[in-house]
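Undergrad: Just dropping this structure here.
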Amino acid sequence: LVLVLDFGGQYNQLIARRVREHNVYCEVKPYKTSIEEIKALNPIGIIFTGGPNSVYEEKSPKCDPALFELGVPVLGICYGCQLMAHTLGGEVTAAQEDTAREYGKTETFYNTDCKLFKGLPEQGISWMSHGDYMAKVPEGFELVAHTDMCPTAAIADEKRGFYGVQYHPEVNHTENGSLMLKNFLYEVCHAKGDWTMGDYKNSSIKAIREKVGDGKVLLALSGGVDSSVAAALLAEAVGNQLTCVFVDHGLMRKNEGDEVEAAFSKWDINLIRMNEEDAFLGALKGLTDPEDKRKAIGAQFIRTFEKMGKQIGEQIGKIDYLAQGTIYPDVIESGKDDAAVIKSHHNVGGLPDFVDFKEIIEPLRMLFKDEVRQLGFELGLSEQLVMRQPFPGPGLGIRITGEITKEKCDILREADAIFREEIANAGLDKEINQYFAVLTNTRTVGVMGDSRTYDYALALRGVTTSDFMTADWARIPYEVLDKASSRIVNEVVGVNRIVYDITSKPPATIEWE
Ligand code: XMP
């Protein structure tokens, strides 16, 4: 096990994910974890994450100095590096104007005699984000990387196995950053590298069983990849103690409700489908603000579940746990882990007071999308289901700008189905990670036959991405866009203009609302 101690940085789960990518088991724990608990975990290495504080401030998060007496290698990243220097007798100060305050891509020079950089180029871009500076490094440490501004871009005490990097090796912008982490794991910590997603599956199943006991679990199945994988994991762990509720909120894609029902009906779980279109459209009536709409959908889900809960209570008995397919990008974008709120994901958040469950179970909370897919395969789900493009819980509700009505949902469903069909016909469905149609609230003038039309403008969106936290717009060939465009305006009544969205994320987001 490699232990990642969390000091509140933005990329903490990304560090964990990189470690997993190198087939090493890891756990993220708060920086306050006691030294006894750390000893009991018996880690082969410890990684300190970055964090927003300054080590010289009294209230900033610290670590127990005894941690450096365990004989376990430590890698400090950014704040973690400064904390290590500070704790071991070095000196950290706020960077003066002419010294070492660095943000963004920075040319960095490495000493490749150091184990951390073994076999890697001597020079490359690193991603910096620091306003503090290690003015003096602790005894026993050497400087092993520098930039033009900062002589202490990386420090090492190879005898004790202590390494510190001022930049973020876990982000893609740092060239060879992942390989530096790999060197730490293999050259320094002597990791075996035998951990797989299969192990993750087994340990998750064990943990779910321990927590749930003979209790009953309720899961909301949206039909998307995340909730489907969560359902499969829970089905494997607790079998028919699991009840899946599939709420058809009327904001599904064309035929989706029936497909989801068919895909899950063969499993030995209790599957209940609720047709709640009227309730959802009623809750959305008159709303135009994206956050209001998201919140209305979230609130209606809770009301639907409450109603469902009563029904289940009669049929199945008391439910003890509510499970959700929340994945890591949902957690950070909803402002957990102290990151700023970008969108309120309806499936993240505390339980409202009136919901009577013991606890929420979120078995995918630490995983990134591609890891969720890998887990889906481990669980034996079909490729069709696992590789399905993500579909957000609020469904078409976040793909219709302005007020949502049944008429608009029907228009969007038809147009979206045509677009998806054309993408599949062109063999692009695996290359483009998410693609869909968006119904704008703008009507424009057109001409059809000899008549004037005044209908909706519809946008097509396609993105390529690996983690859905950043994304590029997909370069769909003109011929494919052309075919989709002419089919949609010809076959879908109510649409007379098609545009293609060519913004990446950031600055845009993938969904329009
Ligand atoms: P954005 O629009 O934030 O989307 O760039 C990133 C990914 O998350 C999906 N998404 C959601 N998924 N509940 C979900 O389950 C939500 O409220 C939600 N909002 C966005 C979106 O489809 C994309 O894959």
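Quick note on UniProt numbering: the sequence shown kicks off at 6 and runs consecutively. Every residue gets a Cβ at the ideal spot worked out from N, C-alpha and C, and that includes glycine.
1) Can you find the residues in the same chain that come closer than 6 Å, C-beta to C-beta, to Gly203, ignoring five residues on each side of it along the sequence?
2) For a test of the three-state rule: what should DSSP assign to Glu311, helix, strand or coil?
3) Any idea if Thr111 is buried or exposed, counting beta-carbon neighbours within 10 angstroms, 16 or more meaning buried?
4) Ignoring anything shorter than 3 residues, give me the beta strand (DSSP E) runs that lie fully in the stretch 269-327, in order along the chain.
5) If you drop the 5 nearest sequence neighbours on each side, which residues of the same chain put their C-beta closer than 8 Å to that of Lys164?
6) So, helix, strand or coil for Cys414, using DSSP?
7) Should Val142 and Cys119 be called a contact, given that it needs their Cβ atoms to be closer than 7 Å?
8) Taking a contact to mean a Cβ-Cβ separation below 7 Å, would you say Thr157 touches Met185 in this structure?
9) Using three-state DSSP, classify Lys37 as helix, strand or coil.
10) So, are the CB atoms of Tyr36 and Leu72 less than 7 Å apart?
11) Under the rule that 16 or more other beta-carbon atoms within 10 Å means buried, what is Met133, buried or exposed?
12) Whose CA, out of Leu292, Arg299, Ala284, Phe310, lies closest to the CA of Ile277?
13) Quick check: what's the CA-CA separation for Pro357 versus Asp325?
14) For Gly398, is the beta carbon positioned less than 6 Å from some heavy atom of ligand 1?
15) Return the residue from the list Lys510, Pro512, Leu401 that minimises the CA-CA distance to Pro295.
16) Ligand 1 and Phe285: does any heavy atom of the ligand fall closer than 6 Å to the residue's C-beta?
17) Could you check what DSSP says for Cys194 in three-state terms: helix, strand or coil?
18) Of all the options Ala301, Glu281, Asn280, which has the alpha carbon lying nearest to the alpha carbon of Lys290?
19) Can you tell me which of Glu26, Glu282, Tyr191 puts its alpha carbon nearest to the alpha carbon of Ile409?
20) Can you find a heavy atom of ligand 1 that lies under 6 Å from the Cβ of Ile507?
21) For Glu376, verify whether its CB is less than 6 Å away from any heavy atom of ligand 1.
22) Go ahead and pull the three-state DSSP assignment for Leu380.
23) Could you have a look at Glu112 and say whether DSSP puts it in helix, strand or coil?
24) Hey, is the stretch 441-455 in contact with the stretch 406-423, meaning 3+ C-beta pairs nearer than 8 Å?
25) Is it right to say Val452 is buried, meaning 16 or more other beta carbons lie within 10 angstroms of its own, or is it exposed?
26) Is there at least one non-hydrogen atom of ligand 1 closer than 6 Å to the beta-carbon of Glu516?
TA: Result, derived from the coordinates:
1) Leaving aside the five residues that flank Gly203 on each side, the residues in its chain whose CB is nearer than 6 Å to its CB run, in chain order, Glu383.
2) helix
3) Only buried fits Thr111, as 16 or more other CB atoms lie within 10 angstroms of its CB.
4) 275-280
5) Gly145
6) helix
7) no
8) no
9) coil
10) The Cβ atoms of Tyr36 and Leu72 lie no closer than 7 Å to each other.
11) buried
12) It is Phe310 whose Cα lies nearest to the Cα of Ile277.
13) Residue placement at Pro357 is flagged as unreliable, the pLDDT there being 44, under the threshold of 50; the coordinate-derived value follows with that caveat. Those two C-alpha atoms are separated by around 15 Å.
14) Checking the Cβ of Gly398 against ligand 1 gives yes.
15) Per the C-alpha coordinates, the member of Lys510, Pro512, Leu401 positioned closest to Pro295 is Leu401.
16) no
17) coil
18) Measuring from the Cα of Lys290, the nearest candidate turns out to be Ala301.
19) Glu282
20) no
21) no
22) helix
23) strand
24) The stretch 441-455 is in contact with the stretch 406-423.
25) exposed
26) yes
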